[in-house]
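Report on one structure; see the data block that follows.
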Amino acid sequence: MSTGDSKEAKMVLIGGIGDGKSSLGNFILKTTKFDVSNSSAPKTQETIGYNGEGERKNVFVIDTPGVQDSSEMNENQLNQM
Numbered sequence: 053m054s055t056g057d058s059k060e061a062k063m064v065l066i067g068g069i070g071d072g073k074s075s076l077g078n079f080i081l082k083t084t085k086f087d088v089s090n091s092s093a094p095k096t097q098e099t100i101g102y103n104g105e106g107e108r109k110n111v112f113v114i115d116t117p118g119v120q121d122s123s124e125m126n127e128n129q130l131n132q133m
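Residue numbers (our numbering): 53 to 133.
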């Protein structure tokens, strides 16, 4: 949590492969912190998070690798989140 009265918003992006989670994270943060793939091949290989800057400094977005369905989320992926 941030100091003072301001609170940090934390968002975890979960979805299928190629659904645009990284692009959404960049949109939310108003920057290009997350790598985005221009193909159908998955770009995000591990869970990673970034804080925004400026007016978005109290926003923390976590990008996760894509999954086909919820049964494919293994224990390692859940622990990374």
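Backbone N, C-alpha and C define an ideal beta-carbon position, used for all residues, glycine too. Quick caveat, the model's predicted, so the values are computed rather than measured.
Query	Result
Anticipated Cβ contact below 8 Å, Thr84 with Gly104, distance rounded	Not a contact, Cβ separation roughly 12 Å.
First and last residue of the uninterrupted beta strand (DSSP E) at Lys73	Not the beta strand (DSSP E): Lys73 falls in the alpha helix (DSSP H), residues Lys73 to Leu81.
Contacting residues, own chain, Cβ-Cβ under 8 Å from Gln97 (five flanking each side not counted)	Pro117
Sequence-distant residues of the same chain with beta carbon closer than 7 Å to Ile66, five excluded per side	Thr116
Separation of Gly106 from Lys73, as counted between CA atoms	22 Å
For Gly101, three-class secondary structure by DSSP	strand
Own chain, CB closer than 6 Å to Ser58, minus 5 neighbours either side, in chain order	Asn110
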